[in-house]
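Per the working numbering, numbering of the sequence shown is gapless, rising by one per residue and ending at 90. Glycine included, every Cβ here is placed at the ideal spot set by N, Cα and C. Structure first, commentary second.
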Amino acid sequence: MKTRPSFVCWQCERTFGQVVDLTGEPVLLLECPYFGAACKVDLAPYKQRVVTVTRGEGAGPDAVHYELPGRIPTSEPGDKTPAQETST
């Protein structure tokens with residue numbers, strides 16, 4: 003699923019939007035269009051599993067849904083600590 007969320011650059015703290023594909027790996031590597039800094043985004047904290055129950059069939063695959071905030075914080079690509087969530 004493609005979407006265009008807003009990200010906050012860890013270096014210059016400006017907000018930018020970028021189209022990203024939310025299928026697959028929950029860690030994104032982006033580039034700030036203003037500062038040119040590489041930005042890492044971990045979407046795992048926003049991931050929610052959706053279970054659909056259907057009558058008469060076996061359990062189907064679980065769907066994944068992301069509940070994203072208005073502005074998603076980024077961190078330095080080599081940083082192991084998660085960035086603090088910012089309010090909108």
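Item                                                                                                                                      : Value
Sort out for me which residues DSSP pairs residue 20 with in a bridge.                                                                    : Per DSSP, none; premise fails for residue 20.
Relative to the C-alpha of residue 138, which candidate in 4, 3, 76 and 69 has its C-alpha closest?                                       : Nothing in the structure corresponds to residue 138, since the chain is present only between 3 and 90.
Should residue 89 go down as buried or exposed, given a rule of 16 or more other Cβ atoms within 10 Å for buried?                         : Bear in mind that the predicted position of residue 89 carries a pLDDT of just 48, short of 50, making it too unreliable to give a figure here.
Measuring CA to CA, which of 12, 14, 73 and 20 is closest to residue 48?                                                                  : 73
Which term fits residue 11, buried or exposed, when burial requires 16 or more other beta carbons within 10 angstroms of its beta carbon? : buried
Which residues share a DSSP beta bridge with residue 41?                                                                                  : 32
Considering only DSSP beta bridges, list what residue 48 is partnered with.                                                               : Residue 48 pairs with nothing; no bridge assigned.
Would you decide whether residue 14 is buried or exposed? Buried here means 16 or more other CB atoms lie within 10 Å of its CB.          : exposed
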